[in-house]
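Below is one structure, written out as structure tokens; the observations come after it.
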Amino acid sequence: MTETHNVVYAVDEDYWMPLYVSIHSLVSNNPDSSLEIFVLYTEREESFFGHVADLTAEYDDVTVTGIEVDERAVGDVPTPHWFTEANLYRFLMGRVLPLEDEHVLYLDCDTIVDGSLADLFATDLDGAVAAAVPEYKLRSFELGFQIDSLFYNAGVMYVDLGAWKAHDVEAEAMERLAGRDDVTYPVQEVLNPILNRQDLWQPLHPKYNAMTNWAGVLATETDDQPVIVHYTGPEKPWHYRCERRHTDLWWRYLEQTPYSGYRPPDKTVGNRLLMARKRAGRRSKQFVWNRLDSYPRLRRSVVAVYEFVVG
6 MTETHNVVYA VDEDYWMPLY VSIHSLVSNN PDSSLEIFVL YTEREESFFG
56 HVADLTAEYD DVTVTGIEVD ERAVGDVPTP HWFTEANLYR FLMGRVLPLE
106 DEHVLYLDCD TIVDGSLADL FATDLDGAVA AAVPEYKLRS FELGFQIDSL
156 FYNAGVMYVD LGAWKAHDVE AEAMERLAGR DDVTYPVQEV LNPILNRQDL
206 WQPLHPKYNA MTNWAGVLAT ETDDQPVIVH YTGPEKPWHY RCERRHTDLW
256 WRYLEQTPYS GYRPPDKTVG NRLLMARKRA GRRSKQFVWN RLDSYPRLRR
306 SVVAVYEFVV G
């Protein structure tokens, strides 16, 4: 009998389309896996679930279940202006999912699954509550964590739901968030100290959470052949002015979905002219730079002048 793998997303009104693209990428790259996908939301989008019904009809072992979350479930938690309450719904997994002690993969909506998750689903958590990809030490230090401790990104987590409940992660997270108005990354700044305190994280290979705003710094395998691409930060691939790595990958999956006619609302005449200027500037700069390769002394002089000009 094929083992069923559980996957959960949390969505708000602005992310239904990216969520569908992520789910499509997940199921299309794992056609031999039995997947039970849960979507946590407060306001249901009927057109999304209509498209999902068509998608799951193509796969015998894929189900998508919507779970409505009471908006009062996370209380009156202060959050940054760019942060939505749906981000906090992952803390509710142990309470709202119709599961007991199974393992569950949590994915943010701004992800693309570009390969098989068989090895990830086979991860032995060995007593840990969750497996995730560490971020850089610099981020840890900036947020006040000890420089010798890892700071994990919670946008992709493979969770032992039984251990999550046993350690009462939800209650402690809500307690830590209550009354705070100084958090920059509410989920990670709360979740990391909870799980770091008892060494309850397990690191995943960075290819399972390739954070594109840092692409080029990680290992070649992570950059060039990621399994899960995560478009962290405010700049998303569905924005016209987005120039991040793997943006084309997201659009390629979009074109395979019912949302293929999507047009970014920021694709205005002004922004199109701005992007054309930026591309022309890059081409001009690269042309000059390539011609300087044969003249190292001149190149150093150009660099010195440029650095002086930009301060």
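Per my numbering, numbering of the sequence shown is gapless, rising by one per residue and ending at 316.
C-beta atoms are modelled at their ideal positions from N, C-alpha and C, and glycine is treated no differently.
Nothing here was measured: the structure is a model prediction, and the numbers come from that model.
query                                                                                                                                                       : result
Can you tell me the Cα-Cα spacing of VAL74 and TYR46, whole angstroms?                                                                                      : 6 Å
Using beta-carbon positions only, say whether ASN214 and HIS108 come within less than 8 Å of one another.                                                   : no
For HIS244, decide whether its Cβ has a neighbour in chain D, counting only Cβ atoms nearer than 8 Å.                                                       : In the displayed structure, chain D is absent; only one protein chain is listed.
Could you compute how far the alpha carbon of ASP124 sits from the alpha carbon of LEU130?                                                                  : 13 Å
If you draw a straight line from the C-alpha of GLU63 to the C-alpha of PRO36, how long is it?                                                              : 10 Å
Using beta-carbon positions only, say whether VAL234 and LEU254 come within less than 8 Å of one another.                                                   : yes
Can you pull the DSSP bridge partners for ASN11?                                                                                                            : GLU41, VAL109
Assuming the contact rule is C-beta atoms closer than 8 Å, VAL134 and VAL164 should be a hit. Round their C-beta distance to whole Å, please.               : 7 Å
Rounded to whole angstroms, what is the Cα-Cα separation between HIS172 and TYR267?                                                                         : 43 Å
With the cut-off set at 8 Å, would you say VAL67 and TYR258 are in Cβ contact?                                                                              : no
Can you check DSSP and say which residues form a bridge with VAL234?                                                                                        : ILE117, ALA215
Using a threshold of 8 Å, state whether the C-beta atoms of TYR111 and ARG95 are closer than that.                                                          : yes
Suppose the cutoff is 7 Å on Cβ atoms and the five residues either side in sequence are ignored; what does the same chain contact list for GLY71 look like? : VAL44, TYR46, ARG49, PHE54
Under a Cβ-count criterion, where at least 16 other Cβ atoms within 10 Å of its own Cβ denotes burial, should ARG287 be classed as buried or exposed?       : Confidence in ARG287 is poor, its pLDDT being 49 and thus under 50, which makes the residue's placement unreliable; the coordinate value appears in the next sentence. It counts as exposed.
DSSP state of VAL174, grouped into three classes?                                                                                                           : helix
Looking at the unbroken alpha helix (DSSP H) that takes in GLY160, where does it start and where does it end?                                               : That residue, GLY160, is in no alpha helix (DSSP H); its beta strand (DSSP E) goes 157-165.
Locate the alpha helix (DSSP H) running through GLU51, then write down its first and last residues.                                                         : 51-61
With PRO191 as the anchor, note down where its alpha helix (DSSP H) starts and where it stops.                                                              : 191-202
If you count every other CB in all the chains shown that lies within 10 Å of the CB of SER358, and 16 or more means buried, which is it?                    : Since the displayed the chain opens at 6 and closes at 316, residue 358 lies outside it and no answer follows.
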